[in-house]
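Note sheet for the following structure.
Protein chains in written order, with the working numbering: chain A, 1 to 348; chain B, 1001 to 1348; chain C, 2001 to 2348; chain D, 3001 to 3348.
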């Protein structure tokens, strides 16, 4: 149940509603928006007559939310969330889909990174992605350049104006990463690292939350709910492939249908990562298009200045010339997708 | 190994090559095309020097095929297979994607079927689909009208000129179904019903082979190989969803990436079924678009004159008015997809 | 809903109940047992007051069955089904677990088969298994010796008194297989070949139904229901491994928990196949033990006289000497398992 | 590649080998055992002639390890790892399997916890488990009592002498948890939280590492390798169920075969958790037995003084009286399992 207070509601009135809920055995979460306060009430709905709260002073409306996620749910907030950055870039709703590109890992060769960043800028991308801390299945694989990588990303931002996306793996590194990143990424393997979700819930940067490889849509939205519950509602979801029945032809199964499903059940922006989603270079372009045509708010792709010698994930990275070609065609598709996109949202 | 004979090769020359292969312990399959004969040789390549066969009289070329499927493999036949029907409709290669629509099951109400068929014709579809024999998880569910359904489909074909697609479930019904159908469908649960594959391999109708819900691409193409091995090379593959990690949000996970993967490894046409692939009416349109934009040669969609009262699968069927709307937008997308399509094939 | 008639109920009384059910819109299935008739009524329970049928003449009791499977359900029949063979062997309930062993495929070497059969007999096994028709992923793999294999199995039965288990793949071969087999096996890939289920439902041989690699327990029991619905209630279920997350360490994931789950929900016997369930020779013994200790009514294991040169599945077959060793330890475990077994059933 | 130095090898000799490896482009990890030092060398084996290192002074032997995990691999260390606690309890190898029981979450009711602990002690268990920090899919579910729970566990240890197992979710809580726990648990959802693995790799407590629900055996052993690589070789693996095809009948699919598979490939102890592995109370006993009979070194079970009112996972918890019954039968099985267990290890 969500109780939306009037903009004019007083602290006293809010407190009265909260106390009444507590007396009924409900737990409450308060969301103080710019304009009004929303009270999420969690508990056994059978114990109350929800609409009785309608009559409390200061209450604008009461909504019953069936889904276990409340703040992330479209039932609770029907308008799309649009996240705006200081340079005017916007993600979500009916905004033009964005492109986030860069190497899997930031490597020692700063010049290579700058070449990728320049190409990204030239092709109209808005974000540069690159890993400083790398989650690696084996301890013997490259683990990332850590702070040095963050410095390189900052240099590339300086030179191009691109916004920087990078992954946070541990609560201990939160301040460090916040100092450098414009957007903090939570990786698929940390989707249910609840302490990390709580930590980024308390910071004020936009978060890209990647779907775990075995996570249902419900678990995915509940992970977003953890972040929102702790105060950060700037969550961008990212579909990056799930476990399918064939891990030979592709690395993961990119669940394209998850995009319209999530747009139906949540107001949060959702982007698609065809690099991790397929693990195959030749599938990046078609799967980026598939994601865009069903309504993704953006595409994240791995681009490397020398994929054959990349420290990680070379097989799913585009070279710079191929990237430019692909980006040209994606831009063309983005240019003409508006109508479909609006239509899909209308139908959801 | 594939040995391609010259168009001018004599029966004698072919026999000499075949005998030489048998002497080396190889098994052979002969494919007599209109123009030339191709010999597929299966055995342990380490025992021979393949290119020694190049010097036999009547041999045009010798190709080593790494994949376990030979006849279905693009290595063995690089040109796309295009299947042509008597009314001129063509599927595969760079042909315009086709649309196959109709109810999940053909029901008692002939008039309802004719309404769907008329709408399909009006919107430019080429095929009418409908089940006469229904594979149902429970014996207590509707099992299909059997021959009566086939008669109804024939009436609808008569009235509209649409080609008829219907499923065959048992070798015993082969002749009956062949009498009525233009295309025989093998369902996902029968993808590895090898006796059925053999039976349709010996008939001369085009076959739609649906991917099993837990089948890898390799198993899927090997199932097609069973049909081709027994002499029928008119196989149309159909991606219809696999087992994913979430069977609540969607019924299956539609593996859109399978389409470009299959176009890379096989020359056979591949279509997409977003109705079974998602099990949700609101996902049919976006997922049909996703399939088309990555290069599917066609779309199969369930359309019913009264979805709420359908005998089966109503939740994933479009009503006639919604179908018309969706078809309009799909036709628009099909109209402008050619370039991308060609590009994808060029890259594969 | 299941309506159990008195042993003394007349045809007239049965007909009256059936007609009353039809008038309420229910479908009925009659099961004429040796002693009494059971009427399964399928339809919308909300339309009737089930216990009103209690008052019909000839009705002993009325049971509501929640599960979609009725005849296979323990709700409908609480006593375990025990299947007895003409030579006195019994499977199910609290009977001593049986052992079914033999090669994956029956091969040309009759002597090898007879060696395996002799060892099986010596170690106290009751059944000889061997494939005559082989479902093979590739058309280029060994497809089975067909009738020749059936003849060999009959010879081995003649010499040892073992009962013969062999797989049926196509309705066309039903009579042939029935002529030779004591038990007909339906393979995992045919678990939802509904025409085949119907065909064996009409014959009077016991059926081993293998669980499909992606089938839920509900789908598995509904497949058994198809067989029972058509009149054959001698169904032995077989857990043989499902799709898991790791197909490198093992071929399938043997779902040991499925055994006590099925014993809770169904009265049918359930056996375990650790050869297909793991695909690794060294896992056959431990997984056979795991199956037995949770209450399996039998174990099916592949044994070959020369596993390194087997036509199929050598890597998951025991050699004869290793089999004897394993069987000795399994017999020891079977000897002391009774108590646990009874306990599990009591708790179910 | 693993280089095992002689017990008499000097620091100088070790350094010489390490430098030679570095010069060949290899990375090295040193493991200083009580008796001898082992050097793990990671790099491209094609660049060297491994056996050339045999001739260095102080080298006892050189082993090539094919597996990507080195320290966790049985190839590198053939003897089973046995972990000994200060009170003499031992886990691994041929030691008697242990029992770890307790509530999912430690709750406010200290007395309830003490009842469980007393029953555990009475039935011969060695460990008390209980969650202080709870990973919960929803932020609205009970998140654990944190330090209060740790204090309660310490009180229970004081009263019973049981060793305490509890989960660590965040590197920030490492010192706190180390102050209270005898064994630190890493949960399934954190199996690839590499920063956490690194942190516990640097502490000197034994670690229970739970297998992720979608993790292959290789990924599981590589996660253990992360811990060992950072210096802690006291790792106890725990199979707790993976994603299967049926999440209705059971919560997870308990992969019993993983136990003998892991015993073949690794020397680390492996235990089984049938509570999380099935999510059903009635399956705890049979699946505990299945785990033990295939060679598990211990069983972890949830026991609660009032399961119907548990804060979490009540449906998979045993009540105290049922637990006592189950433990009696498990102790009986443990008492007679030695032979089988030894046999399995000999065969591995």
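No residue lacks a Cβ here, since even glycine has one placed at the ideal position from N, Cα and C.
For residue 2275/C, the uninterrupted alpha helix (DSSP H) run begins and ends at 2274-2278, by DSSP. With a cutoff of 8 Å on beta-carbon distance, residue 1038/B and residue 215/A are scored as not near each other. Annotation for residue 3063/D: the continuous beta strand (DSSP E) segment containing it runs 3059-3063.
As computed with DSSP, residue 298/A is found in a beta bridge with 98/A.
For residue 3018/D, the closest of 3074/D, 3031/D, 3111/D by C-alpha to C-alpha distance is 3031/D.
Across the set 2289/C, 2334/C, 2302/C, the C-alpha of 2302/C shows the shortest separation from the C-alpha of residue 2105/C. Contact between residue 1294/B and residue 1259/B is confirmed by a C-beta separation of about 5 Å, below the 8 Å threshold. Ranked by how close their Cα comes to the Cα of residue 1170/B, the residues 1200/B, 1156/B, 1152/B have 1200/B in first place. In the DSSP assignment, residue 125/A falls outside any alpha helix (DSSP H), carrying neither H nor E. C-alpha of residue 2239/C to C-alpha of residue 2271/C: approximately 6 Å in a straight line. Residue contact check for residue 2185/C against chain B: no CB pair falls below 8 Å. Within the stretch 3265-3283 of chain D, those residues whose Cβ lies closer than 9 Å to any Cβ of chain C are, in chain order, 3265, 3274, 3277, 3278, 3280, 3282, 3283. Taken through DSSP and simplified to helix, strand or coil, residue 192/A comes out as coil. In this chain, the alpha helix (DSSP H) harbouring residue 1016/B covers 1011-1023. Cβ-Cβ distances below 7 Å link residue 1050/B to 1001, 1062, 1064 in the same chain, with the five nearest sequence neighbours on each side left out; the list follows chain order. In this structure residue 3277/D touches residue 3287/D by the C-beta definition: roughly 6 Å separates them, less than 8 Å. Per DSSP, reduced to three states, the secondary structure at residue 3256/D is coil, with no helix or strand assignment.
Taking all protein chains shown into account, residue 2035/C has fewer than 16 neighbouring C-beta atoms within 10 Å of its C-beta and is therefore exposed. Of all residues in the stretch 2162-2178 of chain C, those with a C-beta nearer than 9 Å to a C-beta of chain B are 2169, 2170, 2171, 2172, 2173, reading in chain order.
Not flagged as an interface residue toward chain A: residue 1028/B, since no C-beta distance is shorter than 8 Å.
According to DSSP, residue pairing for residue 3185/D in a beta bridge involves 3167/D, 3208/D. Against chain B, a Cβ distance below 9 Å from residue 2052/C picks out nothing, because the smallest value is about 22 Å. Judged by DSSP secondary structure, residue 1178/B falls within the alpha helix (DSSP H) whose first and last residues are 1174-1180.
The beta-carbon separation of residue 3128/D and residue 3157/D, rounded to 7 Å, stays under the 8 Å limit for a contact.
Annotated as distal: residue 2254/C and residue 2226/C, with beta-carbon spacing of 8 Å or more. Of all residues in the stretch 2284-2310 of chain C, only 2285, 2286, 2287, 2289, 2290, 2291, 2292, 2293, 2294, 2295 place a beta-carbon less than 9 Å from a beta-carbon of chain D.
For the stretch 2229-2263 of chain C, the beta-carbon criterion of a distance under 7 Å to any beta-carbon of chain D is satisfied by 2242, 2243, 2244, 2245, 2246, 2248, 2249, 2250, 2253, 2254, 2255, 2256, 2257, 2260, 2261.
Look at residue 2317/C here: in three-state DSSP terms it is coil, with no helix or strand label. Residues of chain B whose Cβ lies closer than 9 Å to the Cβ of residue 217/A are, in chain order, 1246, 1248, 1249, 1250. Boundaries of the beta strand (DSSP E) around residue 1027/B: 1027-1032. Residue burial is scored here from C-beta neighbours: residue 193/A has at least 16 other C-beta atoms within 10 angstroms and is therefore classed as buried. Separation of residue 2078/C and residue 3204/D (C-alpha to C-alpha, rounded to the nearest whole angstrom) is 54 Å. Excluding five sequence positions before and after residue 213/A, the CB atoms of its chain that fall closer than 7 Å to its own CB belong to 188, 241, 242, 243, 252, given in chain order. Within the stretch 2180-2204 of chain C, no residue has a Cβ lying closer than 9 Å to any Cβ of chain D.
Within the same chain, and ignoring the five residues on either side of residue 1021/B in sequence, the residues whose Cβ sits closer than 6 Å to its Cβ are 1028, 1041. Sixteen is the threshold: since fewer than 16 other Cβ atoms of the shown chains lie within 10 Å of the Cβ of residue 1010/B, the residue is exposed.
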